[in-house]
Every structure is written in structure tokens, then in C-alpha cells.
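Just so you know, the sequences run in chain order A and B. Each residue of the first sequence is one higher than the one before, counting from 1 in the working numbering. Each residue of the second sequence is one higher than the one before, counting from 1001 in the working numbering. All C-beta atoms in this analysis are idealised placements derived from N, C-alpha and C, irrespective of residue type, glycine included.
There are 2 protein chains.
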Amino acid sequence: MTISSRFAVAVHILTLLETGRGEPLTSEYMAGSVNTNPAVIRRLLSLLARAGLTRARMGAGGGTVLARPAAEITLRDVYRAVECEGPLFSLHHERPNPKCPVGRNIQAVLERATGAAQAALEEQLRGRTVADVMAEVAAEGRVAPAMPR
Amino acid sequence: MTISSRFAVAVHILTLLETGRGEPLTSEYMAGSVNTNPAVIRRLLSLLARAGLTRARMGAGGGTVLARPAAEITLRDVYRAVECEGPLFSLHHERPNPKCPVGRNIQAVLERATGAAQAALEEQLRGRTVADVMAEVAAEGRVAPAMPR
DNA sequence: CATAGTGTTACTATTATGGTAACACATTCG
DNA sequence: CGAATGTGTTACCATAATAGTAACACTATG
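See the structure below:
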């Protein structure tokens, strides 16, 4: 099983908001770039806003803006906002047999091992910001002002 | 979504095999320690054998043994054997809009970012072996010879 | 030949994901 | 004030993955 596409789409959204330079973008507009339904975008925006990464303005002329500078939003922030905040690895679904010494102790050991692996992953995500992504997108191709609205 | 419990159970299995010290253990026995159905164990053993981590002996008196010394089986080997060998992160399900510069370039950027994160996770797993797990299980509690058979 | 054990498929229940529809609520503008 | 615009959230649905159980062909031993 893989980490869902929510992370990828959320990074996409935040990068779009950075190209908007403070001007509110609608979920309709962002859905066009992401090639999905606006309700999907809204669901994610709800999580991003809850995590303090975006701010929405309701009503006519509304939309969403970044709540923080792009250079202050790490990909770890995004991951934590849209994916589970808990363990990445599932351990045994049924409690292993405590009568067996391996069964009795294996989960504690696994928790440490998998926790370290997850921490390494998050640490790597922490080293990249939405501003970095923006710069890389620009380097991949010329970032014109935006898609025609 | 999380990484399935297959990884945890596979590590459990390999650790058990290490306590067997070369003597074949049956899936029935291991299922007892893991507290699951033997068919689940067999499914995982099939993957582990395919990855060259275990060797099975069929027929009466059969069972499974480690195909390599525990100190030469890393948790990354296990992860690769039982979970997907491909990307850990899913990207967009539909191709983003190529008319938008962000849409056009975001996936390449995301591939690099998520690939680096996954590599960090695997690198961490690579630093731990089944022998290490065995030692930690022993440190958590006294490893008696084994569960009564 | 009977027994023990592997390897694999099929079935099932459950859960998570992601797309779409619907609509209450909030805000702006004429 | 009403219409229009846009958010936030829930519900529904189809699909995919997981993990437990059942079943059974195949393999090897005594």
C-alpha cells in the first residue's frame, strides 16, 4: 500500500497558491490545474487550513491564499497535514502470542525500528519547502504568470 | 494509508527463524507466535523465499529456515520483499493539466522529492538487521530457547 | 500408503481512497 | 434585498487493497 495522492495534490495546491502571490485562488481554478473535481480540492484545503498552512475567504470574490510564506512551509508540514499523523507502519493486527518470547517483545522492537525509518522520511521532507518546489517547477520549465483564468 | 502489517509480521517470522538456529520451523508454529492463520504465514514465506531470504523444505519434517545469516538480512531487504518495490508515494491519479506550468512540471519535481524521502526511509531500514532485532528482542526480555512446541 | 507440511488460489468482510452530487452557509455586488 | 459567487462538509458510490479462512494439489518422509 502506498501513501495516497493527497500529499502530491496538496503540494500542487500550495505551489499554485504561491504562483498566485497572495491573490486568492478558487478551488475551481486549482481543480483545473490538478485535473480533478473541485470538491476534492476543497477537502484538502480544509485539512491544510486546519494545519495553518492556508487561509480561505468565503463568499463572492473568495478563494484561498497561503497562510505562511512558501519558504516557511515544509513538505513535512504538508505530509503531516494531509496524511496520518500517527505511525506510517502498521504492526500486527492481532497481538502476538505473549507465551513466545519473540511474540512478547517483537512489537516494542518494531516500534523503534519503524519509528526511526519514519523519522528519517519526515526529516528528508522537512528539508524541502514549497518555495523549493516552486523553484524546481520553474527550473523544469518556464513558469509563466499562470494558466489563463 | 499505512504500510501494511506484512512488514512487521515478516520481521517477526525471520526473527523466529533465527531463534530456530537452522532447524526448520513450520508455518503452523510461526502462526502460533504471530497469532494468525498459517496460510498468512505461508503467503509471506512465499515472498521471502522469492527474495532469497528464506528456504523451505517440503514434505514431512519440512519447514523453513533462513537462507542467509541473520546479520546479512537487513530490514530493507524485508521491506522490499514484502511491500511494493515501487514508489511509496502515489502521485496524481489523473495527469495534471499541461496547460498550466505548475501542472506540467509538478510531477517531475514531486518524484524527486518523494523519491528522496523514500530513499531516506529505506536507508534507515538498511542499517538494521534481523540479528539486531533478535538482540533487541533478547534485551527486551530474556529469550528462552523458544515457545513450547 | 498415510502423514506431514508447502504453495497457492478463492472467497469474504472490512477499510481507505477518490470522484461526484448536493446543499447549507458566508460574503460581495448591483 | 436578492442574485451570484465561492467555501465547507456530508453522502454516495465504485474500486482497490488487506488480512483472515477454507480448500486442495503437490512434495517428501517413514
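Within chain B, partners of residue 117 (chain A) - CB distance below 7 Å: 1121, 1124, 1125
Kindly say whether residue 32 (chain A), judged by its beta-carbon, lies nearer than 8 Å to any beta-carbon of chain B. yes
Taking Cβ to Cβ, would you say residue 65 (chain A) is nearer than 8 Å to residue 80 (chain A)? no
Using a Cβ-Cβ cut-off of less than 9 Å, list which residues of the region 1083 to 1095 of chain B approach chain A; keep chain order. 1083, 1084, 1086, 1087, 1088, 1089, 1090, 1091, 1092, 1093, 1094, 1095
Taking C-alpha atoms, which residue in A:30, A:140, A:35 lies nearest to residue 1105 (chain B)? A:140
Find the nearest neighbour of residue 1067 (chain B) within the set B:1083, B:1046, B:1040, judged by alpha-carbon distance. B:1046
Looking at the C-beta of residue 38 (chain A), does it have a partner C-beta in chain B at a distance below 8 Å? no
Chain B partners of residue 19 (chain A), CB-CB under 7 Å? 1102
Give me the Cα-Cα distance between residue 61 (chain A) and residue 125 (chain A), rounded to the nearest whole angstrom. 34 Å
What would DSSP say about residue 1048 (chain B), mapped onto helix, strand or coil? helix
Nearest candidate by alpha-carbon position, reference residue 1052 (chain B), set B:1113, B:1019, B:1095, B:1074: B:1074
Which of the three DSSP states, helix, strand or coil, is assigned to residue 1003 (chain B)? strand
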